[in-house]
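Note that this note's numbering has the sequence shown beginning at 7, numbered continuously upward. Quick reminder that beta carbons are idealized off the backbone N, C-alpha and C, glycines included. This structure is a prediction, so every number in the text was calculated from the model and none was measured. Data first, discussion second: the structure below is written as structure tokens.
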Amino acid sequence: MSRTITIEPITRIEGHGKITLMLNDSGTVDNALFQVTQFRGFEKLSEGRRFREMPSLMARVCGICPVAHLIAGAKACDNILAVKVPETGALIRQAINLGQIVQSHALSFFYLSVPDLVMGFDANPMERNILGVLKKNPQMASDGIRLRKFGQTIIEMLAGRRVHPAAIIAGGVSDPCSEEVRDKILSDIPEMLRIVQRNLDWYKQTLSQSGSSSLRVSEFRDEIRSFANMKSLFMGLVNDEGELDFYDGKIRFVDSSRKIVADKLEPADYQNYIAEHVEKWTYLKFPYYKPMGYPKGMYRVGPLARLNVVDRCGTPQADLELSEFRGLSSGAVLSSFYYHHARLIEILYSLEKLEQLLSEPAFTGTKTRAVAGPNNLEGVGMAEAPRGTLIHHYKVDEHGVMEWANLIIASGHNNMAMNHGIMQVARQFVKGEKVKEGMLNRVEAVIRAFDPCLSCSTHAAGKMPLKIELTRPDGEVIHTLTQG
Numbered sequence: 007m008s009r010t011i012t013i014e015p016i017t018r019i020e021g022h023g024k025i026t027l028m029l030n031d032s033g034t035v036d037n038a039l040f041q042v043t044q045f046r047g048f049e050k051l052s053e054g055r056r057f058r059e060m061p062s063l064m065a066r067v068c069g070i071c072p073v074a075h076l077i078a079g080a081k082a083c084d085n086i087l088a089v090k091v092p093e094t095g096a097l098i099r100q101a102i103n104l105g106q107i108v109q110s111h112a113l114s115f116f117y118l119s120v121p122d123l124v125m126g127f128d129a130n131p132m133e134r135n136i137l138g139v140l141k142k143n144p145q146m147a148s149d150g151i152r153l154r155k156f157g158q159t160i161i162e163m164l165a166g167r168r169v170h171p172a173a174i175i176a177g178g179v180s181d182p183c184s185e186e187v188r189d190k191i192l193s194d195i196p197e198m199l200r201i202v203q204r205n206l207d208w209y210k211q212t213l214s215q216s217g218s219s220s221l222r223v224s225e226f227r228d229e230i231r232s233f234a235n236m237k238s239l240f241m242g243l244v245n246d247e248g249e250l251d252f253y254d255g256k257i258r259f260v261d262s263s264r265k266i267v268a269d270k271l272e273p274a275d276y277q278n279y280i281a282e283h284v285e286k287w288t289y290l291k292f293p294y295y296k297p298m299g300y301p302k303g304m305y306r307v308g309p310l311a312r313l314n315v316v317d318r319c320g321t322p323q324a325d326l327e328l329s330e331f332r333g334l335s336s337g338a339v340l341s342s343f344y345y346h347h348a349r350l351i352e353i354l355y356s357l358e359k360l361e362q363l364l365s366e367p368a369f370t371g372t373k374t375r376a377v378a379g380p381n382n383l384e385g386v387g388m389a390e391a392p393r394g395t396l397i398h399h400y401k402v403d404e405h406g407v408m409e410w411a412n413l414i415i416a417s418g419h420n421n422m423a424m425n426h427g428i429m430q431v432a433r434q435f436v437k438g439e440k441v442k443e444g445m446l447n448r449v450e451a452v453i454r455a456f457d458p459c460l461s462c463s464t465h466a467a468g469k470m471p472l473k474i475e476l477t478r479p480d481g482e483v484i485h486t487l488t489q490g
């Protein structure tokens, strides 16, 4: 008998969404939809505001990654001012952003995804959480808490507070960094490096297919093969040397063999390369690579994409880990299961890069901002958020009042890939008349691998419930699983 399963809410992600699985008479999945059900339209709310308010206003889109919105928004405003941010201001901005990468990746990996990896996808859902991890592997749980706290502390010390800090402004940052603050952060980095390396070693020994020492790789082989494991383009920002650059790179696209499709694209020209498709069943748009059209131009962003896009990370330990990561595939690493691995490498990179930035003599300089009035009527700001490339595009009148805004959010870039992913994993695991909780958890888990921030991607605020619906071919809902 044909039927539909609805999962609502999707658990252990940020925002509101549901998954609908449509099964045929034989009990196999015919179609699967990832539907984002919240909307509040921050772009429209920005109209009529002074452009200098935009970084702070847009940061309210999200409480997990507000720094990325502050950075992208401030960079758009820098272009409206037509100023160059002083070196000290740019260094502090980058350090704050690296703190955000550390805390957000730690949240995603240790709090949201490790419960599946440590406890197993079929474990009791009452135990499949961070408290269950604390009981089974207290060292890992403690490591996650310490890494996230360190990232949040960096933001607080350099930007004033952990959530929605006010220090990142048009033209730079509001305040310099003292030598005492710099030295305190530097003193903690060696311990944080040891923590992330310990967990990278655990991941590789336990889960990675790149080595024969992997202990449980066979347990997760089906997940590795089916978690959005497909050919696609990948997009990210790289510097002039082809290295990872979260703050100020240019756009690069590569294909599934890691062949460069487009390179050194200016952020201001993004509309020549990225377009957005709309479907009536979701508030989340479908960005695609414009020269290839929709849906052929599907691409992915975020940690996995960035490591596929770059030539190297640009820091010693991260480059060693990247070389090993590249051993997973002769071309690009395609399975989205490895977003988890990539996040750990990016935490390592962020800590090493942070140490480099803090050691720059200009980091404790006193000139942190450039002051000007509006000199351009349009500005684009782009940066790498934890979940991928973030674009803020603003237009103002001659008085600096906002007339129009467009945001393309990291999680939105991945929308097409997430929908393909749930179809792939649902066809692998959801079969027959009796649908078990562990089957549906795997459907959710492929979304968690991308770590979407749905409040960001729909520019709305809220928590994340998830619903999965099982429907007949005629659309009749015969089974619903609701969480939250």
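- In the DSSP assignment, residue 419 falls within the unbroken alpha helix (DSSP H) covering 416-419.
- For residue 238, same chain residues with a beta-carbon under 7 Å away, outside a window of 5 residues either side, are 262, 304, 305, 306, 423 in chain order.
- Separation of residue 191 and residue 357 (C-alpha to C-alpha, rounded to the nearest whole angstrom) is 10 Å.
- In this structure, the straight-line span from the alpha carbon of residue 95 to that of residue 72 is close to 18 Å.
- Within the DSSP secondary-structure output, residue 394 pairs in a beta bridge with 391.
- The segment 162-169 and the segment 338-351 do not touch, with fewer than three beta-carbon pairs separated by less than 8 Å.
- Counting only runs of 4 or more residues that sit fully inside the segment 335-410, the alpha helix (DSSP H) segments are 345-364, in chain order.
- Relative to the Cα of residue 419, the nearest Cα in the group 282, 193, 136, 212 belongs to 282.
- Between the segment 22-36 and the segment 381-398 there are fewer than three C-beta pairs closer than 8 Å, too few to call the two in contact.
- Residue 416 holds the alpha-carbon nearest to the alpha-carbon of residue 397 among 416, 380, 409.
- According to DSSP, residue pairing for residue 242 in a beta bridge involves 258.
- Inter-segment contact for the segment 48-61 and the segment 397-409 is present: three or more beta-carbon pairs are separated by less than 8 Å.
- Counting only residues of its own chain and dropping the five nearest sequence neighbours on each side, residue 154 has a CB closer than 6 Å to the CB of 109, 112, 113.
- Checking the DSSP bridge columns, you'll see residue 294 partnered with 281.
- Secondary structure at residue 271: strand, using DSSP grouped into helix, strand and coil.
- In the three-state reduction of the DSSP assignment, residue 83 falls in the helix class.
- Only exposed fits residue 132, as fewer than 16 other CB atoms lie within 10 angstroms of its CB.
- Counting along the chain, the unbroken beta strand (DSSP E) around residue 37 starts and ends at 35-42.
- With contacts defined as CB atoms closer than 8 Å, residue 441 and residue 11 qualify as a contacting pair.
- Rounded to the nearest angstrom, the Cβ distance from residue 313 to residue 100 is 19 Å, too far for a contact under 8 Å.
- Within the DSSP bridge table, the entry for residue 24 names 41 as partners.
- Assignment of residue 288 by DSSP, reduced to helix, strand and coil, places it in the coil class.
- Within the DSSP bridge table, the entry for residue 174 names 179 as partners.
- Ranked by Cα distance from residue 180, the first of 200, 76, 280 is 76.
- Secondary structure note for residue 447: its alpha helix (DSSP H) is the uninterrupted segment 443-456.
- 310 is the residue among 310, 369, 288 whose C-alpha sits nearest the C-alpha of residue 335.
- The C-beta distance from residue 85 to residue 386 rounds to 6 Å, short enough to fall under 8 Å.
- DSSP places residue 212 in the helix class (H, G or I) of the three-state scheme.
- The three-state secondary structure of residue 167, taken from DSSP, is coil.
- When DSSP reads this structure, residue 412 sits in a beta bridge with 399.
- In the DSSP assignment, residue 64 falls within the alpha helix (DSSP H) that extends over 60-65.
- By the neighbour-count definition (other C-beta atoms within 10 Å, threshold 16), residue 286 is an exposed residue.
- In this structure, residue 388 lies away from residue 315, with their beta-carbon atoms at least 8 Å apart.
- By the neighbour-count criterion, in which 16 or more other beta carbons inside 10 Å mark a residue as buried, residue 74 falls on the buried side.
- Looking at the DSSP output, residue 318 bridges to 249.
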